[in-house]
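K.L.:
Here it is, the structure, as structure tokens.
Protein chains: 2
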Amino acid sequence: MKQLKDLQEKAKLVRKWCLVSTTEAGSGHPTSCLSATDIATVVFDRYFTYDIDDPLNPYNDHFVLSKGHAAPLLYTLFGMAGAYPLAELKTLRRFGSAFEGHPVPKYKYAEAATGSLGQGLSVGAGLALVAKRESYGNKTYVLTGDGELAEGQIWEAANFAAHEKLDNLVAILDINRLGQSQETMFGHNIDEYVRKFKAFDFEVMAIDGHNYEEIEQALQATQNPDGKPFAIVAKTFKGHGISFLDNKDGWHGKALKKEELEKALKELEPVNDALRFELNKPKQKLLQSTVNLIHSGLTFDKGKEYATREVFGDVLVKLAEQNQEIYALDGDVMNSTFTEPFKKTFPDRFVESYIAEQNMVSVAAGLSRAGKIPFVATFAAFLTRAADQVRMARVSEANIKFVGSHVGVSIGEDGPSQMGLEDIALFGSLPDSVVLQPCDAVSTTKLISLMVAHKGFSYMRTLRPKTPLVYKNEEEFSIGGSKVLRRSEHDVMTIAGTGITVFEALKAADELQKENIGIRVVDCYSIHPIDANTLKKCMNETEQRILITVEDHFSHGGFGDFTAAALSGEGQVIKMAVRKISQSGTKDELLNDAGIDANHIVTKVKSLFKQPAMA
Amino acid sequence: MKQLKDLQEKAKLVRKWCLVSTTEAGSGHPTSCLSATDIATVVFDRYFTYDIDDPLNPYNDHFVLSKGHAAPLLYTLFGMAGAYPLAELKTLRRFGSAFEGHPVPKYKYAEAATGSLGQGLSVGAGLALVAKRESYGNKTYVLTGDGELAEGQIWEAANFAAHEKLDNLVAILDINRLGQSQETMFGHNIDEYVRKFKAFDFEVMAIDGHNYEEIEQALQATQNPDGKPFAIVAKTFKGHGISFLDNKDGWHGKALKKEELEKALKELEPVNDALRFELNKPKQKLLQSTVNLIHSGLTFDKGKEYATREVFGDVLVKLAEQNQEIYALDGDVMNSTFTEPFKKTFPDRFVESYIAEQNMVSVAAGLSRAGKIPFVATFAAFLTRAADQVRMARVSEANIKFVGSHVGVSIGEDGPSQMGLEDIALFGSLPDSVVLQPCDAVSTTKLISLMVAHKGFSYMRTLRPKTPLVYKNEEEFSIGGSKVLRRSEHDVMTIAGTGITVFEALKAADELQKENIGIRVVDCYSIHPIDANTLKKCMNETEQRILITVEDHFSHGGFGDFTAAALSGEGQVIKMAVRKISQSGTKDELLNDAGIDANHIVTKVKSLFKQPAMA
């Protein structure tokens, strides 16, 4: 093999920079880079098609580093591909550097932020899915560690990739035997991995991950798609290439000391610092389309009731007719979340993810990276299943629109396991997230349009029960807005609701009006950002400077906390929210049991109400 | 087979009550019960050893209903075992009934709350692990659906069960082909499941799930342990036993209407309502031990610094010497969380869970059900991976102690993927959870003791960096307490810190003292419950009635929100917290970048400070 010597020389340069950069940083995972160096070198030198000047060209091949702690390897590969001078890697892990401890979007060649393990195969499956459906003809390579194969998400992704026949997806499994704290569950029993991936309907080839001929043979085999995703199970050694690191325990996540580095570099000598990868560019380019505000045109009848979850489904179809980038993903609940009409209208842009929420969210991160606008829909409670994937998608700056149905105790008889009661805490804690909760059909319609136009992470809560219209079809809404629904000249305090509790607040206000107690009522359909100005105005204009938030969510981390934070020092914010684990029952029984129905609001207001001195 | 007729008759009675109870409720999943009825009937009639008067006897066999929506089946089985009159099932899904839509602990025969799918096999693995390690000689049966086999957690549990050689664990897979919205990924391709479970090192038998001889044969085979967990892959039909439901699409989660029920019951006739299961009782009993407050006896040197994560590890060993029920679980990071000394001292009570956090948490729920006190340790960021399992463990009222290390931006160079910054939101949103964050070795020691003594869900954040001692070894702490660390007669405002920010607050106070600005400093080591009384007192006793919270956590859903909620109407609470995605850098660079270090506190205080009018 005439390239053998050349590949070996390039691999030495890769190893050098994995070692140098981590020693320079004083921390990092050099040995985790070294086990994958040989195979990654062959991918980049001989197979990787990529326009280094245009990382977002969807015709590029993709290289997803699932084992994010091997970031220095990624940085070295793209450096040797000409993206930047290798000397810049000396800023690894320094404050302000794009070369962080684990890849983040600041580093534009990272297909996703990784570092929470077991997510890369799903991201890769998302990229490969788009490529397949849109016939880009490219490959997606995903490099995983072996420790992370214990994460269940890997098998969700494997099922998904096989089911979608993603034969443009190549999983490279770096089986280096050693985890962080000890040997992995299967060590070097390569057959454990081979059997499992075969059982999950992958094409599988086991190789010596340091033997260039075997690497070449495996990568060659991936070039002949046969309807199955490909797994290269590479037996490797952690720290390979440096004698005192090679297959040695106790070196995970440790940078070499200066003198150890010198010794290591000696072993590599001579190293040709001028070697580079010459990547072929893809022949095609695709311009990313710009996103305008588009409208569903749907209108609703004043006398009728609508479930916001059902309206969401109808709106999505209308918007997807106008914007080809909109995708929808669902987890076997399309008849509950109402993505079913989307599936019927746009089967090529619908992604049935079955009951595997983690994979669904990371696939969506891949779709977003490929320029799509993915809507991810399931029960709000089950988005919690993918909390870590949601977190990492946010770190990845993914443009995902989440829609969680069946929020709160108002779902009724199914009981607490099905109730989304911590979803505002989950999405709301992530910086710059958008969290919306419309109470009626009109606001749902308008807010879905705004979600599409908003480039960034957003989340909408939808309701199981039907609700009457609160707004006229012409009403306009904004992210960060709210609506004052009741107002009099002598309001004593304010009730702010969101979603189902808007109706409880309105009922309470009507009841109190009978006793001449004026209450201002606000619909906070935008939970994050919250409409601080309007709420402050309410506080200032009401006699007792009290604002009561009412929400069908647990007390901590919900709408009330956003409100209290916005109104700190302006008056008293009192939270009415769910404070215990709920149960089965009717919607009204459970709203009452949770203490968030109209009666409880009336009682609370009366307990706080002070007769004006001059009355 | 002489019992055949008898089994068929009993199964008819089971079917009857699955149908009657759901029709009575007007909702539920009768067809999901019917597919599993035959096999469950045989388990209960011929294999299940259980003391109906003592559901917590660990020598009982266990029956975990992973497909929680088949709750009426569970309720009928135990009713026919004599636990209560079957007529009580007519309260199914009613407010106040123990027969909820999905099993919850109010129903004392439920081994865990289920209904979020794919968790039961892990809970069962936890129960089986304890039984194996403590030689109870019993069996754990887990009934799963087929839709839920798409959840990655199933494969985490499968790896775990095989690795731990849980040959006392029997997974019964009810392959009824139909999911909620459509056919499952594999439909009735039974071989897909057989291959996968074999590849995951299970003993596997595929059967016709409605053929009593095959059921009997499979259950017989499970009675001869050979070092492997057992999977019975049962091909079944959803709605089996009633002609118009059998294998029909469109019946998921639908109760029969009255007239449909009549028709169905006609098909079953005659039904012998007097039939019951006669369960054998286990021969042994075990008294649950009571938990007293025990102490590690560890003391620390004033001049030295300690990492609270490391102290946790040492304390746990000392407490486990005194309480045999303490277990520890870790996810391949025992050298970071410091459960490593526990593993070395008590290998029989250590559970290496590898990088599979979801399974780890649900296994812990099983351990808790078996009377153990499990400590679950990993990076706080990776507890997020198991957010749904944490949620369901809370619904299950599991007595789990979570310890999340590497919280906040203060971990430094590894970057945002490794930073626990939404963990307080996750654990804090769950009702009645306990959330603690000690800042030094002494408080860590005392608080771990309190966690053990507290029966219920609790979470401790531990720090990566070392910190100096704040407290004397004799200092006492309490859940719901705090410590005032700085106080003068003319404090203008209060700074409340927790964990690493306590030191920033102290530094800031020292700095401000130089300019004669008196600041009260509080260590809120108990975040939930928060010490509302002390904080109110601080608010009242400081001149400007301002309290600033400083935390190494995202702004929403953290310590600041607990504080603001406790102090609503008492004064102004200002939150200093992390408000953007962080990056790599040193601890001090990142605390500064996040705006939560001493300098930022000083600046904030000065910006708020008003010279007293009489000064």
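Chains A and B supply the protein sequences, listed in that same order. Its first residue numbered 0, the first sequence is counted upward by one per residue in numbering that gives the first Met the number 0. Its first residue numbered 0, the second sequence is counted upward by one per residue in numbering that gives the first Met the number 0. Glycine is no exception: its CB is placed at the ideal position from the N, C-alpha and C atoms.
1. Which bits of chain B does residue 162/A rub up against, with CB to CB less than 7 Å?
2. Pick out whichever of 82/B, 137/B and 113/B has its Cα sitting closest to the Cα of residue 60/B.
3. When the distance is taken between beta carbons, is residue 502/B closer than 7 Å to residue 529/B?
4. For residue 273/A, which of helix, strand or coil comes out of DSSP?
5. Can you name the residues of chain A whose CB is closer than 7 Å to the CB of residue 250/B?
6. What is the rounded straight-line gap between the Cα of residue 575/B and the Cα of residue 377/B?
7. Tell me the residue span of the alpha helix (DSSP H) that contains residue 423/A.
8. Could you tell me whether the stretch 45 to 57 of chain A touches the stretch 241 to 256 of chain A, using the rule of 3 or more Cβ pairs below 8 Å?
9. Check whether the Cβ of residue 75/A lies closer than 7 Å to any Cβ atom in chain B.
10. Could you pull out every unbroken beta strand (DSSP E) segment of at least 3 residues lying fully inside the stretch 210 to 281 of chain A, listed in chain order?
11. Go ahead and pull the three-state DSSP assignment for residue 547/B.
12. Hey, is residue 154/A's beta-carbon within less than 7 Å of any beta-carbon in chain B?
13. For residue 308/B, tell me which candidate among 375/B, 119/B and 125/B has the shortest Cα-Cα distance.
14. For residue 116/A and chain B, any beta-carbon pair shorter than 7 Å?
15. Anything in the stretch 577 to 595 of chain A with a Cβ closer than 8 Å to a Cβ of chain B? List those residues in chain order, please.
16. Relative to the C-alpha of residue 126/A, which candidate in 156/A, 105/A, 103/A and 100/A has its C-alpha closest?
17. Who does residue 204/A pair with in a DSSP beta bridge?
18. With a floor of 4 residues, list each alpha helix (DSSP H) that falls wholly inside the stretch 68 to 97 of chain A, ordered by position along the chain.
19. How is the beta strand (DSSP E) around residue 466/B delimited, first residue to last?
20. At 9 Å on the CB atoms, spell out the chain A contacts of residue 179/B, in chain order.
21. Comparing C-alpha positions only, which one of 447/A, 389/A, 284/A and 487/A sits nearest to residue 133/A?
22. State yes or no: is the beta carbon of residue 572/B nearer than 7 Å to at least one beta carbon in chain A?
23. So if DSSP puts residue 519/A in a beta bridge, which residue, or which two residues, is it bridged to?
24. Give, in chain order, every residue of the stretch 414 to 425 of chain B whose Cβ lies closer than 8 Å to some Cβ of chain A.
25. State the CB to CB distance for the pair residue 554/B and residue 578/B, rounded to an integer number of angstroms; the pair is presumed to be in contact (CB under 8 Å).
26. Using C-beta distances below 7 Å, list every residue in its chain close to residue 14/A, excluding the 5 sequence neighbours before and after it, in chain order.
27. Report the partner residues of residue 575/B according to the DSSP bridge assignment.
28. So if I threshold CB-CB distances at 8 Å, which residues from the stretch 357 to 382 of chain A count as touching chain B?
29. I need the DSSP call for residue 614/A, collapsed to helix, strand or coil.
30. Going by the DSSP bridge assignment, what does residue 329/B pair with across the sheet?
31. Using a 10 Å radius around the Cβ and a threshold of 16 neighbouring Cβ atoms, would you call residue 21/B buried or exposed?
32. Quick check on the DSSP output: what are the complete alpha helix (DSSP H) runs of length 4 or more inside the stretch 19 to 76 of chain A, in order along the chain?
33. For a contact meaning CB atoms closer than 8 Å, what does residue 664/B contact in chain A?
34. Can you confirm whether residue 427/A, when its beta carbon is compared against all beta carbons of chain B, has any partner nearer than 7 Å?
35. The alpha helix (DSSP H) that contains residue 195/B, what's its start and end?
36. In the DSSP output, what is residue 435/B paired with across the bridge?
P.N.:
In short, the structure shows the following:
1. The residue given as residue 162/A occupies position 163 in the first sequence. Chain B residues near residue 162/A: 184.
2. The count along the second sequence starts at 1 and reaches residue 60/B at position 61. If we check each option's Cα against that of residue 60/B, 137/B comes out closest.
3. Numbered from 1 along the second sequence, position 530 holds the residue referred to as residue 529/B. Numbered from 1 along the second sequence, position 503 holds the residue referred to as residue 502/B. Their beta carbons are not under 7 Å apart, which means residue 529/B does not touch residue 502/B by this criterion.
4. As a first step, residue 273/A is located in the first sequence; it is residue number 274 there, counting from the start. Residue 273/A: coil per DSSP, three-state reduction.
5. Mapped onto the second sequence, residue 250/B falls at position 251. Near residue 250/B there are no residues of chain A at all, since even the closest Cβ is about 12 Å away, more than 7 Å.
6. On the second sequence, position 576 is the one that residue 575/B refers to. On the second sequence, position 378 is the one that residue 377/B refers to. So the two alpha carbons sit approximately 26 Å from each other.
7. By one-based count along the first sequence, residue 423/A stands at place 424. It spans 422 to 427 - the alpha helix (DSSP H) in which residue 423/A sits, taken as one unbroken run.
8. Judged by Cβ distances under 8 Å, the stretch 45 to 57 of chain A makes no contact with the stretch 241 to 256 of chain A, as fewer than three pairs qualify.
9. Mapped onto the first sequence, residue 75/A falls at position 76. No, residue 75/A does not count as interfacial toward chain B.
10. 229 to 234
11. Here residue 547/B refers to the residue found at position 548 of the second sequence. Reduced to three states, the DSSP call for residue 547/B is strand.
12. Position 155 of the first sequence, counted from the start, is the residue given in the question as residue 154/A. Yes, its Cβ sits closer than 7 Å to a Cβ of chain B.
13. For the purposes of this step, residue 308/B is identified with residue 309 of the second sequence, where counting begins at 1. Ranking the options by Cα distance to residue 308/B, first place goes to 375/B.
14. On the first sequence, residue 116/A is found 117 positions in, with the first residue counted as 1. Yes, contact with chain B.
15. Of all residues in the stretch 577 to 595 of chain A, 577, 578, 579, 580, 582, 583, 584, 585, 588, 589 and 592 have a Cβ within less than 8 Å of some Cβ in chain B.
16. As a first step, residue 126/A is located in the first sequence; it is residue number 127 there, counting from the start. It is 156/A.
17. Locating residue 204/A in the first sequence gives position 205, counting from the first residue. In DSSP, residue 204/A forms a bridge with 231/A.
18. 70 to 79
19. In the second sequence, residue 466/B corresponds to position 467, counting from 1. Taken as a continuous stretch (DSSP letters only), the beta strand (DSSP E) holding residue 466/B covers 465 to 467.
20. Numbered from 1 along the second sequence, position 180 holds the residue referred to as residue 179/B. Simply 331, 332, 333, 334, 335 and 354.
21. In the first sequence, the residue the question calls residue 133/A occupies position 134. It is 284/A.
22. The residue you call residue 572/B lines up with position 573 of the second sequence. Yes, its Cβ sits closer than 7 Å to a Cβ of chain A.
23. Reading the first sequence from its first residue, position 520 is the one you call residue 519/A. BP columns for residue 519/A point to 493/A.
24. Result list: 414, 415, 416, 417, 420, 421, 424 and 425.
25. As a first step, residue 554/B must be located in the second sequence, where it is residue number 555. As a first step, residue 578/B must be located in the second sequence, where it is residue number 579. Confirmed, about 5 Å.
26. What you label residue 14/A is simply residue 15 of the first sequence in a count that begins at 1. Excluding positions up to five away in sequence, the list reads 33, 36, 240 and 267.
27. Your numbering for residue 575/B matches position 576 in the second sequence. Its beta-bridge partners are 549/B.
28. 357, 358, 380 and 381
29. The residue you call residue 614/A lines up with position 615 of the first sequence. For residue 614/A, the predicted model reports a pLDDT of 45, less than 50, meaning its position is unreliable and no value from the coordinates is stated.
30. Stepping through the second sequence from its first residue, residue 329/B is reached at position 330. DSSP output for residue 329/B lists 351/B and 376/B as bridge partner(s).
31. Within the second sequence, the letter at position 22 stands for residue 21/B. Buried is the call here.
32. Correct list: 29 to 41.
33. There is simply no residue 664/B to check, as chain B begins at 0 and stops at 614 in what is shown.
34. Here residue 427/A corresponds to residue number 428 of the first sequence, with the count starting at 1. Output row for residue 427/A: interface = yes.
35. Position 196 of the second sequence, counting from 1, holds the residue named residue 195/B. 189 to 198 is the span of the alpha helix (DSSP H), which, as asked, contains residue 195/B.
36. Mapped onto the second sequence, residue 435/B falls at position 436. 459/B and 525/B, per the DSSP bridge assignment.
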